[in-house]
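Please read the structure below before turning to the comments.
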């Protein structure tokens, strides 16, 4: 690591880098220099033998990521402006007795935050581009003891073992890959795992599990298939919902007379099936407010609206 120090002067400061001093710089010049260096690093990182790393800090938790992959996103995480409610939920449910299953891990923001606190972390990401970035970000933390407790899986968690088609709205790695987009031109086949099969194979049955599921609309098929598993296992579920993606798919599927009525009815049925499959005494919004299922389903039917986040647990 390069050693440097800043020597304050009345009209600015002098930088000393590896014993060599610069001319005095005022604060604006120092800011311009730092921004110029950052831009240079991001634009030339692909030439480096080893990717430059940065530290991201959320609350009391810090982890490293590759600096040139999604820098604007990591700026947002580091500044506390990316889903702070998600990290508050993690703080509540994840401890050293918890096995964290990150279904839809993308490039690692949730897995890397949770891993230092969890007993084990299993991160699932079937998008090949996102998976490679996820792997690089985990490798960036290779010297941390907790990194050894993280396992990455390129498979998609789905209702059954096998394969399925996934697609993307723009490019692979954009965080929007979904089974609902399997008809898109940019689609690919992925291997699927049933969650019960995975948990049994890993010897996790009976463990305290925390599931974060964020699969860009695939939850409408996955959650109803998990009903028996959720009843059997000691677990809590933090679920991201994407009703706008579901609505888009339904409107593309229906035509003819009374199209919108049929779309609303199907939208309602999907959410009713999803809620019915959550066998927990307590289902709340992300902010902790209890979900009134009747009101939520009525809103789904009348206005084609539904919440984007739910937390389901025993208490």
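Numbering (the working numbering), first residue to last: 110 to 424.
Built from N, CA and C at the ideal position, the CB exists for glycine as well.
ask   = Taking buried to mean at least 16 other C-beta atoms within 10 Å of its own C-beta, is residue 399 buried or exposed?
value = Exposed: under 16 other Cβ atoms inside 10 Å.
key: Touch test, the segment 113–129 against the segment 146–162, Cβ-Cβ under 8 Å, three pairs minimum   = Judged by Cβ distances under 8 Å, the segment 113–129 makes no contact with the segment 146–162, as fewer than three pairs qualify.
key: residue 255 (DSSP reduced to helix, strand or coil)   = Helix, per DSSP.
request  = Look at the alpha carbon of residue 304 and the alpha carbon of residue 335, and state the distance between them as a whole number of angstroms.
outcome  = A direct Cα-Cα distance of roughly 8 Å separates residue 304 from residue 335.
Contact under 8 Å by Cβ, residue 107 with residue 227 = An answer regarding residue 107 cannot be provided, because it is not within the stretch 110 to 424 covered by the chain.
task = Please specify which runs of the beta strand (DSSP E), each continuous and at least 3 residues long, are wholly inside the segment 200–229, giving them in chain order.
result = Segments of the beta strand (DSSP E) lying fully in the segment 200–229: 207–212.
message = I'd like the span of the beta strand (DSSP E) that includes residue 118, first residue to last.
response = Residues 113–118.
request  = For the alpha helix (DSSP H) holding residue 147, just list the boundary residues, first then last.
outcome  = The continuous alpha helix (DSSP H) containing residue 147 extends over residues 136–153.
task = Measure the CB-CB distance between residue 203 and residue 307 and report whether it falls below 8 Å.
result = Not a contact, by the Cβ cut-off of 8 Å.
task = Could you pull out every unbroken beta strand (DSSP E) segment of at least 3 residues lying fully inside the segment 162–189, listed in chain order?
result = Along the length of the segment 162–189, whole beta strand (DSSP E) runs at least 3 residues long occupy 162–167, 170–175, reported in chain order.
Bridge partner(s) assigned by DSSP for residue 301 = Under DSSP, residue 301 forms a beta bridge with 265, 271.
request  = Report the three-state DSSP secondary structure of residue 395 (helix, strand or coil).
outcome  = Three-state DSSP puts residue 395 in coil, outside helix and strand.
request  = Specify the secondary structure class of residue 415 as computed by DSSP and reduced to three states.
outcome  = Three-state result, residue 415: coil.
message = What does the Cβ neighbour count give for residue 149, buried or exposed, with the cut at 16 atoms within 10 Å?
response = By the C-beta density criterion, residue 149 is exposed, having fewer than 16 other C-beta atoms within 10 angstroms.
task = My understanding is that residue 388 touches residue 339, with C-beta atoms under 8 Å, so please give their C-beta distance in whole angstroms.
result = Confirmed, about 5 Å.
inquiry  = I'd like to confirm something about residue 331: is its beta-carbon nearer than 7 Å to some heavy atom of the ligand SAH, or not?
reply    = Among the components modelled here there is no ligand, and therefore nothing to report on the ligand SAH.
task = Keeping to the same chain, check which residues put their C-beta closer than 8 Å to that of residue 423; ignore five residues upstream and five downstream.
result = The beta carbon of residue 423 sits closer than 8 Å to those of 345, 389, 390, 391, all from its chain and outside the five residues before and after it, given in chain order.
message = Taking the alpha-carbon of residue 263 as reference, which of 257, 211, 218, 224 has the nearest alpha-carbon?
response = Of all alpha-carbon atoms in 257, 211, 218, 224, the one lying nearest the alpha-carbon of residue 263 is that of 211.
key: Limits of the unbroken beta strand (DSSP E) element including residue 65   = Look at the range of the chain in this structure, 110 to 424, and you will see that residue 65 is not part of it.
ask   = At what residue ranges does the segment 298–357 contain a whole run of the alpha helix (DSSP H), taking only runs of 4 or more?
value = As far as the segment 298–357 is concerned, its whole alpha helix (DSSP H) runs of at least 4 residues are 304–310, 328–334, 336–341.
Whole-angstrom C-beta distance between residue 249 and residue 185, which should lie under 8 Å = Incorrect: roughly 18 Å between the Cβ atoms, too far for contact.
query = Distance, Cα to Cα, residue 245 vs residue 135?
reply = Distance from the CA atom of residue 245 to the CA atom of residue 135, rounded to whole angstroms, is 37 Å.
inquiry  = What would DSSP say about residue 124, mapped onto helix, strand or coil?
reply    = Residue 124 falls in the strand class under three-state DSSP.
key: Boundaries of the alpha helix (DSSP H) in which residue 383 is found, first to last residue   = Here the alpha helix (DSSP H) through residue 383 covers 368–385.
task = With distances taken Cα to Cα, identify the nearest neighbour of residue 358 among 366, 379, 343.
result = It is 379.
ask   = Looking at C-alpha atoms only, which residue of 414, 332, 404 is the closest neighbour of residue 386?
value = Closest in alpha carbon position to residue 386, among 414, 332, 404, is 332.
query = Is residue 231 buried or exposed, if buried means 16 or more other CB atoms sit within 10 Å of its CB?
reply = Buried, by the Cβ-count rule.
key: Cα-Cα separation between residue 330 and residue 341, rounded to whole angstroms   = Those two C-alpha atoms are separated by around 19 Å.
task = Would you verify that the beta carbon of residue 258 is, or is not, closer than 8 Å to some beta carbon of chain D?
result = The question asks about chain D, but that chain is absent: this structure has only one protein chain.
key: Residues near residue 372 in its chain [Cβ-Cβ closer than 6 Å; skip 5 each side]   = In chain order, 359, 360, 363 place their CB closer than 6 Å to the CB of residue 372, counting only its own chain and leaving out the 5 sequence neighbours on each side.
request  = Answer with buried or exposed for residue 142, where buried requires no fewer than 16 other C-beta atoms within 10 angstroms of its C-beta.
outcome  = By the neighbour-count rule (16 or more Cβ atoms within 10 Å), residue 142 is not buried but exposed.
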